[in-house]
Amino acid sequence: MLGRTMWDFPGGRTGGNRYLVLGLGPEQAVDLAVPPDRDDLIAFGPLLSDDATVWLGTAALVRSPDPETARAALAADRYAAIEVHAWEFGGRR
Numbered sequence: 000m001l002g003r004t005m006w007d008f009p010g011g012r013t014g015g016n017r018y019l020v021l022g023l024g025p026e027q028a029v030d031l032a033v034p035p036d037r038d039d040l041i042a043f044g045p046l047l048s049d050d051a052t053v054w055l056g057t058a059a060l061v062r063s064p065d066p067e068t069a070r071a072a073l074a075a076d077r078y079a080a081i082e083v084h085a086w087e088f089g090g091r092r
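Residue numbers (numbering that gives the first Met the number 0): 0 to 92.
Here it is in structure tokens:
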């Protein structure tokens, strides 16, 4: 949804902490628009079912100083659960 791939992230591939943030949905889609503060967003978009017909949540790749700050990329009160995982370009650490 950012109009670029993660490889085009202007913040580069090294330095700082990066996280995969997964907002697992309630029954209806939320966070369908990109947050206004997108400087630290590497990638952002819907998490869809295998056949791309059902919204399951939202996925964000975020550069952040810590997991708690990364979690704030998604509105906590809009999801059934939010997971935060350490991440680096190429996958999980």
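Backbone N, C-alpha and C define an ideal beta-carbon position, used for all residues, glycine too. As the structure is a prediction and not an experimental result, all values here were calculated from the model.
Just to confirm my understanding: we take residue i, look at its own chain, exclude 5 residues before and 5 after, and list those with CB closer than 7 Å. What are they?
i: residue 48; result: 55
i: residue 66; result: 18 and 83
i: residue 75; result: 81
i: residue 46; result: 21, 55, 56, 57 and 58
i: residue 64; result: 16
What distance in whole Å lies between the Cβ atoms of residue j and residue i, which are believed to be in contact at a cut-off of 8 Å?
i: residue 73; j: residue 20; result: 6 Å
i: residue 22; j: residue 57; result: 4 Å
i: residue 11; j: residue 39; result: Contact doesn't hold; Cβ gap of about 12 Å is too wide.
Are the beta-carbon atoms of residue i and residue j separated by less than 7 Å?
i: residue 83; j: residue 71; result: no
i: residue 77; j: residue 15; result: no
i: residue 25; j: residue 79; result: yes
What does DSSP give as the partner residue(s) for residue i in the beta ladder?
i: residue 81; result: 22
i: residue 47; result: 54
i: residue 73; result: For residue 73, which the question treats as bridged, DSSP gives no partner whatsoever.
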